[in-house]
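Rendered as structure tokens:
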């Protein structure tokens, strides 16, 4: 879940992100017990106490240990290489739109090697029919499916 973006993240932005996660309608943190954090100073005691109030224990990683948070590191690498480095943004709104589109594509339309090159959310698709190409971000992101 992406709670927002800013050109100058600071502890105030991180605290607001924690509040947004804590009060999100779809209960993003409902099943979470731990939240992995790097050693960034943006994750202040205020941030950690908001997480604790939600029943989520913040776990601070050791310094210089990207392999302990490999899934998040891989997502950042993917969004940078597949989307952000290929676009020019004309403001915060266009950046936020591209991030939302990529996240939707990443979770619903893109196959993942870690799960046998399948979609994360398995969709019931017809096995026969014409193959149709769907696009996001002007064709930068593509998804192929069978027409119903």
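In the numbering used here, the protein residues as written are 4 to 151.
In this text, a Cβ means the ideal position worked out from N, Cα and C, and glycines have one as well.
Quantities reported herein were computed from a predicted structural model and do not represent experimental measurements.
- A distance of 9 Å or more separates the beta carbons of residue 113 and residue 143.
- For residue 68, the three-state secondary structure derived from DSSP is coil.
- With a cutoff of 9 Å on beta-carbon distance, residue 58 and residue 32 are scored as near each other.
- In the DSSP secondary-structure assignment, residue 149 is bridged to 134.
- The residues 105, in chain order, have a CB closer than 6 Å to that of residue 82 in the same chain once the five nearest residues on each side in sequence are set aside.
- In chain order, 69 place their CB closer than 6 Å to the CB of residue 76, counting only its own chain and leaving out the 5 sequence neighbours on each side.
- The three-state secondary structure of residue 114, taken from DSSP, is strand.
- Rounded to whole angstroms, the gap between the alpha carbons of residue 98 and residue 92 is 6 Å.
- In the displayed model, residue 42 falls within coil according to three-state DSSP, outside both helix and strand.
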